[in-house]
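Just so you know, we're using the numbering used here here: the sequence shown kicks off at 2 and counts up by one.
Even glycine gets a Cβ: it sits at the ideal position worked out from N, Cα and C.
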Amino acid sequence: MNVWKNGTNSCGLSRALDVPGAISYGNWTYDANIASDNTCTTADGRNVIDFGPLSGNTLGLACTWYTSTGIPVQADVRFDNSARSWVTTTTGCSGTSYDLRSVVTHELGHVLGLGHSAENGGSDLTMSPNITNCNSSARTLGAGDLTGIYVKHGG
């Protein structure tokens with residue numbers, strides 16, 4: 002979440018941001034309201050991040066629920082635990098492992114209201130719809146990500 006709040010980027014850019022939210026860590030027994038077929042179920046008033054089964058090639062999924070006037074009231078995020086190998090360091094990654102921090106940063110971008118962005122010749126945008134094995138570039142924002150979050154939550 003701090004990447005989005007601070008605008009941490011790989012471009013040396015600086016923007017005044019007012020990104021809402023925080024993450025609390027703990028040992029709760031709540032499950033994200035996300036079904037194994039990648040559908041968002043019913044909102045329950047809790048914001049939850051968890052690991053659970055997702056179908057297909059989906060690494061992570063964010064679901065956000067809104068009021069009738071478009072105000073977000075709940076967001077849940079799930080990371081696939083069915084057949085994934087996750088790493089949290091940039092060294093020693095091999096095979097079919099994925100960088101968890103990159104996927105977390107991407108999914109939190111969705112929670113903050115961003116969609117996928119098209120790459121123009123590179124693969125450095127956090128909100129790119131695809132990530133390759135062992136790719137940790139999405140841990141920091143690209144120029145397009147920073148512009149998108151500024152439009153949504155400028156200072």
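In this structure, Y67 sits away from D51, with a CB-CB distance that is not shorter than 9 Å.
The beta carbon of Y151 sits closer than 7 Å to the beta carbons of R16, L18 from its chain, once the five residues preceding and following it are set aside; these are given in chain order. Taking a C-beta distance under 9 Å as the contact criterion, T127 and D100 do not qualify as a contact pair.
Following the DSSP letters along the chain, one finds D146 in no beta strand (DSSP E) but inside the alpha helix (DSSP H) bounded by residues 144–154. Here the alpha carbon of L113 sits roughly 8 Å from the alpha carbon of V20. Taking C12 as the centre and dropping the five residues before and after it, the same chain places the C-beta of A144 closer than 6 Å to its C-beta, in chain order. Just measuring C-alpha positions, the residue of G149, H154, I132, S137 sitting nearest T59 is I132. Here DSSP, grouped into helix, strand and coil, assigns L62 to strand. In this structure, L62 places its C-beta atom within 9 Å of the C-beta atom of N39. By the neighbour-count definition (other C-beta atoms within 10 Å, threshold 16), G155 is an exposed residue. Taking a contact as a CB-CB distance under 8 Å, the pair T91 and S129 does not count as one, their CB atoms being some 18 Å apart. Residues S98, Y99, L101 of the same chain have their beta carbon placed closer than 7 Å to that of W87, with the five preceding and five following residues left out of the count.
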